[in-house]
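Chemist: Counting in numbering that gives the first Met the number 0, the sequence shown runs from 0 upward without gaps.
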Amino acid sequence: MILEKLLEEQNKLSAEEIIKAAFEVFSPDIIATSSFGVSSGVLIDLIYKAGLPIKIVYINTGFLFKETIEYIDVIKKKYSEMEFIELLPAIDRTNFLTQYGKDIMKHNSDICCQVNKVEPLNKFLIENKIKGWLTGLRREQTEFRKTLQRISLTNAGIYKINPILDWTSKEVYYYMKNNEIPFHPLYSKGYTSIGCEPCTDLPTNDERSGRWKNSSKKECGIHTKI
């Protein structure tokens, strides 16, 4: 399939079909990113079942829940045939807090996200000349994500593909349950969206309301700045 046809037919394709078509168009310069949050197992499982050698890239900010680190290991073992790439910030947690202050997340979470998330991923995408980027974004999650298309061109000139953009949280749940995909350990404790520990709490209303609580922020910048 050529790019023009993929863009034209993007809304007619199933999640599985759009992943396969994107791989056909962008391979070998295509990756998938994962936050290893509540619904992360879906995209990984879809790629695995498609039998495609798409690398799963994730960012270890140094501030992840210990449960998330454990969950990453569980998923890696389940999908041991897949390649996972861990990205790290340019400076580690200790040096970051020394440089910016221990309360930086409270005073300026944007700087924290920029240094520990946006910059490591942006560097990887540029250095590896990535052309296609698969994500697990869903419209249901935020007002910003409601405006997204299944395939769009980012500011960096990369085509971002969102195969499960129209899936509901219920569809995600049953897909994971029916396909025996392990749930994040914090899901059973009520967490519906899981990021870095200092900026993640239990939700108060919508799915991502526990992220950057008591602020209007809903995105770390990865999906708005790159």
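In this text, a Cβ means the ideal position worked out from N, Cα and C, and glycines have one as well. Owing to the predicted nature of the structure, the values given are computational and were not obtained by experimental measurement.
DSSP three-state call for V37: helix, strand or coil?
Modeler: It is coil, neither helix nor strand.
Chemist: Which of the three DSSP states, helix, strand or coil, is assigned to T191?
Modeler: Looking at T191 - three-state DSSP - the assignment turns out to be coil, as it is neither helix nor strand.
Chemist: Looking at C-beta atoms only, is the number of pairs between the stretch 104–118 and the stretch 128–146 that lie closer than 8 Å three or more?
Modeler: They do not touch, by the three-pair rule.
Chemist: Quick one: grab the DSSP three-state call for T203.
Modeler: In the structure shown, T203 sits in coil (DSSP, three-state: anything other than H, G, I, E or B).
Chemist: For Y57, which three-state DSSP category applies?
Modeler: Three-state result, Y57: strand.
Chemist: What would DSSP say about E218, mapped onto helix, strand or coil?
Modeler: Coil at E218, not helix or strand.
Chemist: Which runs of the beta strand (DSSP E) spanning at least 3 residues fall entirely within the stretch 144–187, listed in chain order?
Modeler: 150–152 and 158–160, all fully within the stretch 144–187.
Chemist: Please report the residue range of the beta strand (DSSP E) in which I84 lies.
Modeler: Residues F83 to L86.
Chemist: Quick check on this structure: which residue in Y78, I160, V171 and G156 has the alpha carbon closest to the alpha carbon of R149?
Modeler: The candidate whose alpha carbon is nearest that of R149 is I160.
Chemist: Would you mind sorting G131 into buried or exposed? The rule is 16 or more other CB atoms within 10 Å of its CB.
Modeler: Classification for G131: buried.
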